[in-house]
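So the structure is just underneath, and the comments pick up after that.
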Amino acid sequence: MQVSIVNEHKYRELEPLNEMLVKRGGVKMIPEPKFVISGLVDNEEYVIKLRIDLADEFRYSYQNQQWTPFAPSTKNSKLSAITETEHRKETGATWNMRIVQFDKLLITREFNDIQRNVIHVEPNHKYIPVLTIQNVTTGKSTEFQFQQMEFIAVKSYQSARIRHTKRAPRKMNLAPGSSQKPQLIVPDILHSPTYGFTAAPPPFPFEYWLLYPQIQYQIQQLAYSLPMGPPMVPIHHIQCTEASQRVYAPEYGWNSILMPGAHKEQDDHYMFHHEIWAPQDHELEKLHVLTEQKNKPSETPQ
Numbered sequence: 001m002q003v004s005i006v007n008e009h010k011y012r013e014l015e016p017l018n019e020m021l022v023k024r025g026g027v028k029m030i031p032e033p034k035f036v037i038s039g040l041v042d043n044e045e046y047v048i049k050l051r052i053d054l055a056d057e058f059r060y061s062y063q064n065q066q067w068t069p070f071a072p073s074t075k076n077s078k079l080s081a082i083t084e085t086e087h088r089k090e091t092g093a094t095w096n097m098r099i100v101q102f103d104k105l106l107i108t109r110e111f112n113d114i115q116r117n118v119i120h121v122e123p124n125h126k127y128i129p130v131l132t133i134q135n136v137t138t139g140k141s142t143e144f145q146f147q148q149m150e151f152i153a154v155k156s157y158q159s160a161r162i163r164h165t166k167r168a169p170r171k172m173n174l175a176p177g178s179s180q181k182p183q184l185i186v187p188d189i190l191h192s193p194t195y196g197f198t199a200a201p202p203p204f205p206f207e208y209w210l211l212y213p214q215i216q217y218q219i220q221q222l223a224y225s226l227p228m229g230p231p232m233v234p235i236h237h238i239q240c241t242e243a244s245q246r247v248y249a250p251e252y253g254w255n256s257i258l259m260p261g262a263h264k265e266q267d268d269h270y271m272f273h274h275e276i277w278a279p280q281d282h283e284l285e286k287l288h289v290l291t292e293q294k295n296k297p298s299e300t301p302q
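For the sequence shown, position 138 (counting from the first letter as 1) is numbered 138 according to UniProt numbering, and the numbering increases by one without interruption.
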């Protein structure tokens, strides 16, 4: 029978001594205890338990960036051994294929909060998790301890390096929620069957994808392309320069403002193509009309 830690590299980042933050109401252990078990008898049933024992009989203080014992342990420091968390019994074949993790385990510093899956630990004391594998068929039990899993229970992080290491992953957690549940380790070892150049795609809940199989299977893109609309043709707006052409009139010269019939500037900002007249334009227009009426020969009755 062999037991190994899954996330052993996380414990190495917290060496030489890990600090475990404890609060009222209970908090999860960081890192979370996860194990891989091998060598169990397939047809026998096992129950796996986890408890937290006091590592020594001392109380610690953080001085000069290290933990040093300074006093004997308190009376409540040994209360952690009275509570343990366990999994339901499974066959050895099932345990050999799974990652054993205790995601419901909480640690607290209040004795009144002790309940199922909640373990009491006293701050400034050193503890070590103990994994127990109990064979229900034969009645034998085996315990495993790992020195790299030892920790000091604290109310607040004392080491700046440990505080930064534990709080950094919380800023960007890209792991899906399903990764927090027990998983089979066989898919990680054996490769899944492939279809063409890609692995088997997950089932899509929408029937829309059934119309385009090349989205699910990339190899079909070679034979079937996605339906695409006509390419977008940019629309170019042609400015009309006819209205802004300068017209020469002998009596007014090149001054377009004095020309009664000349086209004025257009208000292109609001897309209005109407002529803009100034007040003097109206006066000149009236003068032009009066002049034309005076110069018009009068019709005499015959």
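Cβ atoms here follow ideal geometry from the backbone N, Cα and C, with glycine treated the same way. Predicted model only: the values in this text are computed from it and were never measured.
#### Entry: Coil, strand or helix - Leu-17 by DSSP
Coil at Leu-17, not helix or strand.
### Task
Could you check what DSSP says for His-191 in three-state terms: helix, strand or coil?
For His-191, the pLDDT reaches just 48, beneath the cut-off of 50, and the residue's location in the model is therefore unreliable, leaving the point undetermined.
### Task
Taking only the alpha-carbon atoms, compute the straight-line gap between Thr-132 and Lys-155 and give it to the nearest angstrom.
28 Å
### Cβ pair count under 8 Å reaching 3, the segment 14-32 against the segment 73-85
no
### Query
Based on Cα-Cα distance, which residue from Lys-49, His-125, Lys-126 lies nearest to Val-136?
A check of alpha carbon separations from Val-136 across Lys-49, His-125, Lys-126 identifies Lys-49 as the nearest.
### Message
Using 8 Å for Cβ pairs, my map puts Phe-111 next to Asn-64. What's the rounded Cβ distance?
### Response
Their Cβ separation, rounded to whole angstroms, is 32 Å, which puts Phe-111 and Asn-64 out of contact at 8 Å.
### Task
Go ahead and pull the three-state DSSP assignment for Phe-111.
Here Phe-111 sits in helix by DSSP.
### Under the three-state DSSP convention, the category Ser-73 falls into
coil
#### Entry: Sequence-distant residues of the same chain with beta carbon closer than 7 Å to Tyr-62, five excluded per side
Once the five neighbours on either side are set aside, the close Cβ partners of Tyr-62 are Gln-158.
### Message
For Ser-141, tell me which candidate among Glu-150, Leu-105, Val-130, Gln-147 has the shortest Cα-Cα distance.
### Response
Val-130
### Query
In chain order, what residues of the same chain have a beta carbon less than 8 Å from the beta carbon of residue 325, not counting five sequence neighbours either side?
The structure shown does not extend to residue 325, since the chain is modelled only from 1 through 302, so no value can be given for it.
### Query
Roughly how many angstroms lie between the CA atoms of Gln-145 and Lys-10, to the nearest whole one?
17 Å
### Message
Which of the three DSSP states is assigned to Ile-37 in this structure?
### Response
Strand, per DSSP.
### Query
What separation, rounded to the nearest whole angstrom, lies between the Cα atoms of Ala-168 and Ile-30?
Rounded to whole angstroms, Ala-168 to Ile-30 spans 12 Å at the Cα level.
### Per-residue burial, Gln-147 [other beta carbons within 10 Å of its own, 16 or more giving buried]
exposed
### Query
Which residues in the same chain have their Cβ closer than 6 Å to the Cβ of Lys-104, if we skip the five residues on either side of it in sequence?
Cβ neighbours of Lys-104 beyond the five flanking positions: Asn-117.
### Task
Answer with buried or exposed for Ser-80, where buried requires no fewer than 16 other C-beta atoms within 10 angstroms of its C-beta.
buried
### Task
Tell whether a beta-carbon distance below 9 Å holds between Ile-119 and Val-6.
no
### Message
Here's the rule: buried if 16 or more other CB atoms are within 10 angstroms of the residue's CB, otherwise exposed. What is Gln-101?
### Response
buried
### Task
Take Thr-74 as the anchor and find which of Glu-57, Glu-143, Gly-139 has the nearest alpha-carbon.
Glu-57
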